[in-house]
Structure formats: C-alpha cells, structure tokens
Ligand code: CTP
Ligand code: MG
C-alpha cells in the first residue's frame with residue numbers, strides 16, 4: 620500500500636498586464652509595502668503546510684526577477700517558473716505542463732489575490748473528496764444579478780436569475796491533478812476559453828464542489844482595490860487578519 624501522501628502543487632497565474640488597475644506596471648509586480656503583489660500572494664501559499672511546490676507563471680521578461688524575488692524573500696517552495704501566455708488560461712496551461720502526471724492535487728490561485736489566509740486554503744484542500752473533481756470558494760452575492768445583452772441603445776435585461784442560486788467565485792480553486800489536466804486538454808482541443816478554471820472541469824463533465832469563500836480574499840482589479848489593500852496591510856499589524864497572510 621502506498622502510504623506516501625500525493626503531492627500538492629500550487630499554480631499562480633501572474634502574467635497579466637493589469638489594464639483595469641491602471642497603475643502603469645504589470646499588476647503582479649505592483650508594489651505594496653515595498654514588495655510586488657506577487658510576493659505577498661506567493662508567501663500566502665508558502666505558509667500552507669499541505670502545499671509542496673508553487674509554480675508561478677510570469678511574462679518571459681519577468682522570469683529572472685521572479686526567481687530573485689523568491690530567493691531573496693526566502694520562498695523555498697518555488698523551484699520552477701512557467702512562461703505566461705496570451706490569455707490567463709494559456710498561462711495556467713503552461714504551468715500545468717510542468718506538473719508531473721503523478722501529482723495528486725493542483726491548486727490554482729490568482730496572483731491578484733494576496734489576502735487568502737492559510738487556514739482558508741487548507742479548508743479548501745480538505746474539502747476535495749469523492750465524488751468531486753474540484754473545490755471552489757463562492758460568496759453569495761448581496762446584489763441582485765441580471766443577465767444582460769447589448770444593443771444599439773446600450774444594455775438591456777434578458778433575465779433575473781434567482782439570487783439564492785448564484786455565487787461569486789474566488790480562487791484558490793483546488794482540483795484532482797488528472798481531472799484538471801484532462802479538462803485543459805479538452806479545452807485546448809475544442810478551443811474553449813474561460814477566465815475560470817472550474818468552468819473547464821464543468822465543460823469536461825466533472826463535478827465541482829462550492830464551499831464558502833472569504834470576503835477578505837479580494838482580487839485587486841481596479842484603483843479602488845489598491846486603497847482597500849493598503850488599508851488591509853495597515854490593519855494587519857494589529858492582527859485582524861488573525862491567522863491570515865501578513866503578520
Ligand atoms: N493572468 C495571466 N496571464 C494572462 C492574463 C492574466 O497569468 N495572459 C493572470 C493575472 O496576472 C492575474 C490573474 O490571471 O493574476 C487574474 O487576471 P486579472 O485579474 O484579469 O489580471 P490582469 O489580466 O492582469 O488584469 P486586466 O484584466 O485588468 O488586464
Ligand atoms: Mg485579465
């Protein structure tokens with residue numbers, strides 16, 4: 620009997636440009652508290668005991684910088700870096716190609732979410748049990764969500780889905796290695812693209828479990844999010860993030 624635990628590998632897509640952040644620098648390399656956003660995100664993953672290796676995907680011209688950042692910052696779980704691709708899915712696909720087929724679990728986490736707490740990530744990993752192929756964190760929307768379409772006169776409403784059946788989805792998302800590899804292969808064959816990894820599992824007929832997300836696990840997207848992130852860092856010294864990322 621094989622009693623050795625199968626390895627858990629975290630992939631971190633970090634090759635975007637951050638167009639909506641409008642900070643004049645690639646988002647993952649935007650500095651907060653004197654370090655690139657990517658550093659804080661990688662450190663959050665480094666602190667999760669179950670995670671064995673972390674593979675960031677960055678633009679080719681950022682690879683050397685990322686390796687230096689990991690070494691100088693004492694991030695010991697980074698041994699390889701993937702090249703980013705045109706879309707987020709291409710970046711994840713390049714990182715996934717570096718994951719050995721015999722790995723057990725693959726976790727995928729956006730560089731743009733630096734505030735995922737270690738206990739939260741461990742909880743997601745623990746929730747991956749049969750019959751599920753993946754686990755995603757979801758938050759029930761506070762606002763009513765409309766399905767809309769565009770016309771010459773602007774947007775108009777198509778429908779109003781029942782809010783109690785909707786969740787807003789975060790990362791990290793946690794997958795069985797074989798399932799996510801197969802889902803990415805199928806998506807590539809069919810030319811299917813999504814900004815959400817679990818959507819590829821769904822398209823392949825897999826089963827995705829939803830567990831509660833965390834409101835503090837924000838994705839830095841617009842300039843207002845920089846203000847919020849700075850506030851999180853300031854208050855972190857007093858400890859409200861508790862078991863969280865910063866400290
Ligand atoms: N990402 C990536 N490769 C791409 C595009 C995005 O690895 N070709 C990563 C981003 O670096 C980010 C994550 O995917 O960590 C989520 O994407 P998003 O928040 O959209 O970041 P950006 O694409 O950088 O931002 P924007 O869409 O505003 O340009
Ligand atoms: Mg983007």
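In our numbering, the protein residues as written are 620 to 866.
Beta carbons are placed, not taken as given, at the ideal position from N, Cα and C, and that holds for glycine.
Problem - Nearest-angstrom Cα separation, counted from residue 776 out to residue 758 - result: Start at 1 with the first residue of the chain shown, and residue 758 comes out as number 139. Start at 1 with the first residue of the chain shown, and residue 776 comes out as number 157. Distance from the CA of residue 758 to the CA of residue 776, rounded to the nearest whole angstrom, comes to 23 Å.
Exercise for the section: Please specify which runs of the alpha helix (DSSP H), each continuous and at least 4 residues long, are wholly inside the segment 631-700, giving them in chain order. Expected result: With a minimum length of 4 residues, the continuous alpha helix (DSSP H) runs that stay inside the segment 631-700 are 656-665, 682-691.
Handout entry: ligand 1 heavy atom lying under 7 Å from the CB of residue 632
Key = By one-based count along the chain shown, residue 632 stands at place 13. Relative to ligand 1, residue 632 has its C-beta within less than 7 Å of a heavy atom.
Problem - Heavy atom of ligand 2 within 7 Å of residue 698 beta-carbon - result: By one-based count along the chain shown, residue 698 stands at place 79. No; taking the cut-off as 7 Å, the Cβ of residue 698 has no heavy atom of ligand 2 nearer than that.
Handout entry: Per-residue burial, residue 781 [other beta carbons within 10 Å of its own, 16 or more giving buried]
Key = The residue you call residue 781 lines up with position 162 of the chain shown. So residue 781 counts as exposed.
Practice task
Could you pull out every residue in the same chain whose Cβ sits closer than 8 Å to the Cβ of residue 739, ignoring the five residues on either side in sequence?
Solution key: Taking the first residue of the chain shown as position 1, residue 739 is located at position 120. Closer than 8 Å at the Cβ level, and outside the excluded window around residue 739, lie 756, 833, 836.
Handout entry: Assigned secondary structure, residue 756 (DSSP; H/G/I helix, E/B strand, else coil)
Key = Taking the chain shown and counting its residues from 1, one reaches residue 756 at position 137. Strand, per DSSP.
Exercise for the section: Flag residue 638 as yes when its Cβ comes closer than 7 Å to any non-hydrogen atom of ligand 1, and as no otherwise. Expected result: Translated into the one-based positions of the chain shown, residue 638 becomes position 19. Residue 638: yes, Cβ under 7 Å from ligand 1.
Problem - Beta carbon of residue 919 nearer than 8 Å to that of residue 627 - result: The structure shown has nothing for residue 919, since the chain only spans 620 to 866.
Practice task
Can you tell me which of 701, 631, 748 puts its alpha carbon nearest to the alpha carbon of residue 827?
Solution key: Walking along the chain shown from the start, residue 827 turns up at place 208. The shortest C-alpha separation from residue 827 is found at 748.
Practice task
Output the distance between the C-alpha atoms of residue 790 and residue 635, rounded to the nearest integer angstrom.
Solution key: Position 171 of the chain shown, counted from the start, is the residue given in the question as residue 790. Position 16 of the chain shown, counted from the start, is the residue given in the question as residue 635. Those two C-alpha atoms are separated by around 16 Å.
Exercise for the section: Give me the Cα-Cα distance between residue 631 and residue 814, rounded to the nearest whole angstrom. Expected result: Translated into positions along the chain shown, residue 631 becomes position 12. Translated into positions along the chain shown, residue 814 becomes position 195. For residue 631 and residue 814, the distance between alpha carbons rounds to 14 Å.
Practice task
Can you check DSSP and say which residues form a bridge with residue 787?
Solution key: Sequence index remark: in the chain shown, residue 787 carries index 168 (1-based). According to DSSP, residue 787 bridges with 758.
Problem - Option in 767, 842, 824, 802 with minimal Cα separation from residue 708 - result: Sequence index remark: in the chain shown, residue 708 carries index 89 (1-based). Minimum Cα distance to residue 708 is reached at 802.
Exercise for the section: Report yes if the CB atom of residue 697 is closer than 8 Å to the CB atom of residue 661, and no otherwise. Expected result: What you label residue 697 is simply residue 78 of the chain shown in a count that begins at 1. What you label residue 661 is simply residue 42 of the chain shown in a count that begins at 1. In this structure, residue 661 lies closer than 8 Å to residue 697 by Cβ.
Practice task
Starting from residue 831, follow the alpha helix (DSSP H) in both directions and report where the run begins and ends.
Solution key: Along the chain shown, one-based indexing puts residue 831 at 212. Looking at the DSSP string, residue 831 is not in any alpha helix (DSSP H); the run it does join, the beta strand (DSSP E), is 827-831.
Exercise for the section: Confirm the yes/no value for this check: CB of residue 703, any heavy atom of ligand 2, distance under 7 Å. Expected result: Here the question's residue 703 lines up with position 84 in the chain shown. Checking the Cβ of residue 703 against ligand 2 gives no.
Practice task
Could you have a look at residue 819 and say whether DSSP puts it in helix, strand or coil?
Solution key: To locate residue 819, count along the chain shown from 1; it is residue 200. In the structure shown, residue 819 sits in a helix (DSSP, three-state: H, G or I).
Exercise for the section: Would you give the residue range spanned by the alpha helix (DSSP H) that residue 846 belongs to? Expected result: Mapped onto the chain shown, residue 846 falls at position 227. Residue 846 -> alpha helix (DSSP H) spans 842-855.
Handout entry: Alpha carbon of residue 862 to alpha carbon of residue 686, nearest angstrom
Key = The sequence position of residue 862 within the chain shown is 243, counting from 1. The sequence position of residue 686 within the chain shown is 67, counting from 1. Since pLDDT at residue 862 reaches only 44, below the 50 mark, its modelled position is unreliable, and the value read off the structure follows with that caveat. Approximately 27 Å, taken between the alpha carbons.
Practice task
For residue 619, name the three-state secondary structure that DSSP assigns.
Solution key: The question about residue 619 has no answer here: the residues shown for the chain are numbered 620 through 866.
Handout entry: residue 647 beta carbon less than 8 Å from that of residue 677
Key = For this step, residue 677 is matched to residue 58 along the chain shown. For this step, residue 647 is matched to residue 28 along the chain shown. In contact: residue 677 and residue 647 (Cβ atoms closer than 8 Å).
Problem - Helix, strand or coil at residue 866 [DSSP, three-state] - result: Numbered from 1 along the chain shown, position 247 holds the residue referred to as residue 866. Because the pLDDT of residue 866 is 48, which lies under 50, any placement of that residue in the model is unreliable, and the question is left without a value.
Practice task
Go ahead and label residue 733 buried or exposed: buried means 16 or more other beta carbons lie within 10 angstroms of its beta carbon, across all protein chains shown.
Solution key: One-based indexing of the chain shown puts residue 733 at position 114. Classification for residue 733: buried.
Exercise for the section: Using beta-carbon positions only, say whether residue 730 and residue 656 come within less than 8 Å of one another. Expected result: Here the question's residue 730 lines up with position 111 in the chain shown. Here the question's residue 656 lines up with position 37 in the chain shown. Contact: yes.
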